[in-house]
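See structure below.
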Amino acid sequence: MHLAQLNVARLLAPLDSPEIADFVNLLEPVNKVSDAAPGFVWRLKGGEDPRDTVKHDYGDDLVINFSVWESRETLWNFVYRSAHLPVLRRRKEWFHHIAQPYSVMWWIPEGHIPSLAEGMERLELLREHGPGPRAFTFKDFYEPGASSGTDLYETAASS
1 MHLAQLNVAR LLAPLDSPEI ADFVNLLEPV NKVSDAAPGF VWRLKGGEDP
51 RDTVKHDYGD DLVINFSVWE SRETLWNFVY RSAHLPVLRR RKEWFHHIAQ
101 PYSVMWWIPE GHIPSLAEGM ERLELLREHG PGPRAFTFKD FYEPGASSGT
151 DLYETAASS
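The numbering of the sequence shown is my numbering, which starts it at 1 and goes up by one.
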C-alpha cells in the first residue's frame, strides 16, 4: 500500500501579487526536493512550469498539494526533515487560517493514482466524520487495514 496525501490552503492574495511572490518563487525548489525525496511516488502537477499550481474548480484562491508516498515515514521526512519545513513555517505569510482540517491522508493500492475528486472527497470525509481508516492525519494516523470500529464512519465512507 502507498500513502496518498492532500492538503489545501486559501491564499491571502492572488498568486500573481507581490504578497505571494516568495511562495510562488519557492514552489520550484520545494517541488524538486519532493520529487527527489526517498519514498516519493507521484504528485499532481499544475503544468509544465514548476511554479504552476494545480488547476481545479474549487476557487481561484485555493492552492492544492496532492501526492503519493511509499510510507508515513517517507512523507514525514519530506514534510518535517527537508527544505520543505522552512517554507511550511512561513504559511501564515501567504495563507488564511483554516479552522477545519486542511490536510488528509489515506492508503491506496500501489500503482493507483488517485483523482483530485477522490482527494477532495477524503478531505470532506475527514471534516464531516473526523479521522478514521479512510481519512486521517499525522496526529490521528491509521495503518493500512485498520478499522475505526464505528459502523457510521464505515458506511459514510463507502457511500
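Virtual Cβ for every residue (Gly too), placed ideally from N, Cα, C.
*asked:* Using CA atoms only, rank isn't needed, just tell me which of Trp42, Ile20 and Leu88 is closest to Asp61.
replied: Ile20
*Around the Cβ of Ala99, are there at least 16 other Cβ atoms within 10 angstroms (buried) or fewer (exposed)?*
Exposed is the call here.
*State the DSSP-derived secondary structure class of Val54, mapped to helix, strand or coil.*
coil
*Could you give the residue range of the alpha helix (DSSP H) that holds Arg127?*
Arg127 -> alpha helix (DSSP H) spans Leu116 to His129.
*Are there 16 or more other CB atoms within 10 angstroms of the CB of Pro38, so buried, or fewer, so exposed?*
For Pro38, the number of other beta carbons within 10 angstroms of its own is below 16, and it is reported as exposed.
*Using the beta-carbon count (16 or more within 10 Å), is His96 buried or exposed?*
In summary, His96 is exposed, with fewer than 16 beta-carbon neighbours lying within 10 Å of its beta-carbon over all protein chains present.
*asked:* Quick check on Tyr153: buried or exposed, where buried means 16 or more other Cβ atoms within 10 Å of its Cβ?
replied: Caution is warranted here: a pLDDT of 42 is assigned to Tyr153, below 50, making its placement in the model unreliable, and the coordinate value is therefore given only provisionally. So Tyr153 counts as buried.
*asked:* Mapping the DSSP letters down to three states, classify Ala4 as helix, strand or coil.
replied: strand
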